[in-house]
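Okay, structure first, notes after.
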Amino acid sequence: MKAARRVAAAALLCAVSVGSIARPFTVDDALRMEEIGPGAFTPSGDALVFVQAPPLEEFPDFGMMIIPGPRFGHLMSVETNGDATTRPLLPIDPAAVRALINLSPDGRYVAYLEAKEGELRLGAVDRETGESRLSEALPELNYIHNLTPIWAGDSKLLFAARAPGSLPPFIPYLRRATGEKLAAEWRKAWSGTEVSASVYRSRRDGGSSPPLSGRLVAFDVRDGSTATWAEGLFSDLRLAPGGRHVVAIQQFEKPQMPVDGLGNNWVPGRGRLALFETATTRRIDVDARLDAMPGTVEWSADGRRLGFFAWHDEEDSQSGVFRTFDVASHRLQSLPHTGLDLVNEREFGPPAKPMRFVWIGADIAVPARPNPPGVSQPRFSNRGVTGRDLNVDPGRFDWYWLSASQAPRNLTARFGAISPWAAGNSFIVLENRIHKLDARGRVRTAFANIEIETAPLASNAARSREPFESRVVYSEKTTGSLVTFDLERGTVKRVELRDGRPEAVAISMAGDMVAYRKVQPRGTELVLHLPRDREQVVAKINGLLADIDLPTNQRIKYPGAGGEVVTSCLTLPPQAKSGQRLPTMVYVYPSSRPRCPDVPDLQGFTYENRAPLVSHGYALLNVAAPMVATPEGGPLDGVVAAVDRAIDAAVQTGYVDPERLAVVGASGAGFTGVWLAGHSTRFKAIVSINGIANIQSHYFGIGVADLFYPAVSSWQGGATRYESLDQFGLGFSPWDDPAYYWKISPIAYARQVQTPILLVSTDMDVGGFSQQYDDMFVALKRQRKEVDYVKYWGEGHGPMSPANVRDLTRRTLEWLDKYLSPAPERRVTSG
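See below:
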């Protein structure tokens, strides 16, 4: 039997196409999927530059962190006024991958990052001559700070450089650099002649916050020379309109949390706002006593004023206010939002900060809510994602005019649906239409006949919505088509939805063009939408899907806990028939609602890629589990009931075998898996990857980044997660209620586990996950439960090495086959 299972798994791993006969989707296919990444047009629209990411198995270095961060691949170019042939912008180097940053203002130079042999370099290529140069100064890059280089002229790149002798940047080399550093320290210890030690400190008074190391460097792409503008790590670089000044935030180490609360622990660090004159590089410090919030700095359209959110050192960010700075007079003004609570961008998913403001002359407008009656103190509440865990909808917000000379004024009270996302420097979205705010605070419709979704999709920059541009892309509300707006000129271009799913890559109002990905079940095309509604395909990827026997999705609707309609998604193997009861995998990410297109998208690779498992013959039930957290029972209190409702509804379709169910999932879904193991006997097997098992130890756990990357993580453990109301948050620490922390941990129920479990973890995860399944395995082994524990070395939040991805797929299949598949086909007479 064991050998037979290995043969079946091997067949799935290695299936090949024969003629035109449809075949199953395999893990090898998943590893061969390509991607078309971000792009940008030249200012005139005569060329498009974009990233084409190679298949994962062709990446030159699996010590790279491929996500999060910029999309690495090969830089490609299309001349739109010629034959529209796609060519590599640079010769393809099999040892390197590159990420697009942006184009110079005149379009001549393309800035990029190059990852090669454990080092990250900043480069630029001249589109006229084909010559490229790499900066001798090395760039810094992480996911905490916005360190995107900017153009400070047609040929000068300004960027945050690493300090000499520092480790390669967190992105993309956290794992590789940490592994090499540890190996070097081990060699010192084993030599017996060198000290191998790192020192980490805590102080009764909270200690100091020294500046993070680095340099602000200008790179002249014409001759390759560099010049240092300032010492220190500078983020959020923004060039003023007109080009006379650059604003930046100098970053300092994150201070220790106060004992009685989070303080500013959910803020990336301590930041000081600074201006630089581009002609002289002279530095102007705005106010050395203010902490500036990253991601909130904006120039006025005339470049004369700067707006940002900040607070004094002795305060915390929740008491911060917006301020403006006049560049000529150096006048700093506070714009207090008295009686209001600013809308937190975290409510909608991105990192926590106030929503982006828009200018009203010398004042600003921001989305906010009224404080409770009698509370006038300006607030910026620490919130989690609305609808997830314990985060209920905090209620309606409006856009308010903030001024130094008058009380806040509601500008949108007469409107219905309000979007918190600004569309441009003075544009907002109300009732699904773009509106303009004039200098007197009056609201008028800018594009009356076009209804759009509330959040913009992209700007013309490679980094979406950073900074503001006059060209934005939205999805049309009724059709899903792409609509591009030139806010300055008042012009519109619509890309009608013909087939597939359109995803914006870049726009050119000057050339009247849009580049978009057309994602279809059997491949993806990069399409140029040209003047007069003509279209031209300039790249095609993932054609191997042409002979794949595709799975299908069914939306399953049923009553939720409160009687509301809930929709889960059932993915069926090819050729599945109602009445043929299938072994079924159950996937549950807490507080989620799954997307359910008619045909599953097989092109987005993840290490937990479940498509090969479906092609092997398993159905997949992706369970909607909204708001399963309760204050009494913790983050997963209602998940068993939510899963039972979804399974019962899925069984009624006639496809799901209620006697052959398994739980499969990673990260938050892995957390759900080990929780269900101790709270349900409905499942025959569980596969749980890189989840949470012991919430108390997770609170105190560190990740690999804490060892050598203080700018990213500094031994704070899981306090931010659990003391807040963010993902799986509780609002208090283990010292406040240790019994509760134990009660809501899957490890507390190890004795009750009856289901065989395949536990999977890695040794180089961030956020304290790597130790979690060590704890769980010890507990289950002590109780003599049926468990296999697989630990992948050198991997982050799940395996990315092709060998390890294949191995995980094989082990998962063997585990499921062992406990689910060897049962005769059972047919039913009715659904």
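Heads up, the sequence shown is in my numbering, so the first residue is 7 and it goes up one at a time.
All residues carry an ideal CB built from backbone N, CA and C; glycine is no exception.
The model shown is predicted, which means the values in this text are computed figures rather than measured ones.
- Distance from the Cα of L222 is smallest, within the candidate group I255, G249 and P384, for I255.
- At a Cβ-Cβ threshold of 9 angstroms, A246 and G309 count as neighbours.
- Assignment of N700 by DSSP, reduced to helix, strand and coil, places it in the coil class.
- Taking R228 as reference, the option from T199, Q262, P175 and L140 with the minimal CA-CA separation is L140.
- The criterion of a C-beta distance shorter than 9 angstroms is satisfied by F354 and P426.
- In the DSSP annotation of this structure, the continuous segment of the alpha helix (DSSP H) that includes L188 starts and ends at F176 to S197.
- In the DSSP assignment, the residues bridged to F225 are L163 and T232.
- Counting along the chain, the unbroken alpha helix (DSSP H) around A683 starts and ends at G674 to H685.
- According to the DSSP secondary-structure assignment, A280 is paired through a beta bridge with A254 and D291.
- The region 539–547 makes no contact with the region 572–582; the number of CB pairs closer than 8 angstroms stays below 3.
- Residue nearest to M591 within the set Q760, L243 and L822 is L822 (criterion: CA-CA distance).
- With distances taken between CA atoms, E41 lies nearest to P60 out of R788, H441, P60 and W365.
- Proximity to L627 across S597, Y661 and R210 peaks at Y661, based on C-alpha coordinates.
- Taking 9 angstroms as the cut-off, the beta carbon of W407 is found closer than this to the beta carbon of D369.
- In this chain, the alpha helix (DSSP H) harbouring P808 covers P808 to Y825.
- Inclusion of D395 and L109 in the CB contact set at 9 angstroms is not warranted, their separation being larger than that value.
- In this structure, V620 is the residue among Y825, V620 and L348 with its C-alpha nearest to the C-alpha of L608.
- In this structure, the beta-carbon distance from V796 to R817 falls below 9 angstroms.
- Boundaries of the beta strand (DSSP E) harbouring M591: L588 to Y593, taken from the DSSP string.
- With a contact defined as Cβ atoms closer than 8 angstroms, Y149 and G75 qualify at about 6 angstroms.
- By the beta-carbon neighbour count (other beta carbons within 10 angstroms, threshold 16), R114 is buried.
- In this model, R448 and T287 are separated by some 39 angstroms (Cα to Cα).
- Relative to Q760, the option among A166, G735, G679 and L173 whose CA is nearest is G679.
- Per DSSP, V273 lies in no alpha helix (DSSP H) and is assigned neither H nor E.
- Distance check between R666 and each of S673, A167, A656 and A672 places A656 closest, using alpha-carbon atoms only.
- Just so you know, the alpha carbons of V629 and G569 end up roughly 16 angstroms apart.
- Between the alpha carbons of I513 and V478 lies a gap of roughly 8 angstroms.
- With a cutoff of 9 angstroms on beta-carbon distance, I554 and C575 are scored as not near each other.
- Under the DSSP definition of a beta bridge, K749 lacks any partner.
- Annotation: the continuous alpha helix (DSSP H) that includes T726 extends over A725 to E729.
- With the rule of 3 Cβ pairs closer than 8 angstroms, the region 780–792 does not count as touching the region 735–748.
- Of the residues Q58, A36 and D35, the one whose Cα lies closest to the Cα of A46 is Q58.
- For A90, same chain residues with a beta-carbon under 8 angstroms away, outside a window of 5 residues either side, are V84, L534, Q542 and V544 in chain order.
- Residue ranges of uninterrupted beta strand (DSSP E) with 3 or more members, entirely inside the region 344–376 and ordered along the chain, are 346–348, 364–366 and 369–376.
- Between P145 and L188, the alpha-carbon positions lie close to 22 angstroms from each other.
- With a beta-carbon spacing of about 7 angstroms, L128 and L163 fall inside the 8 angstroms limit used to define contacts.
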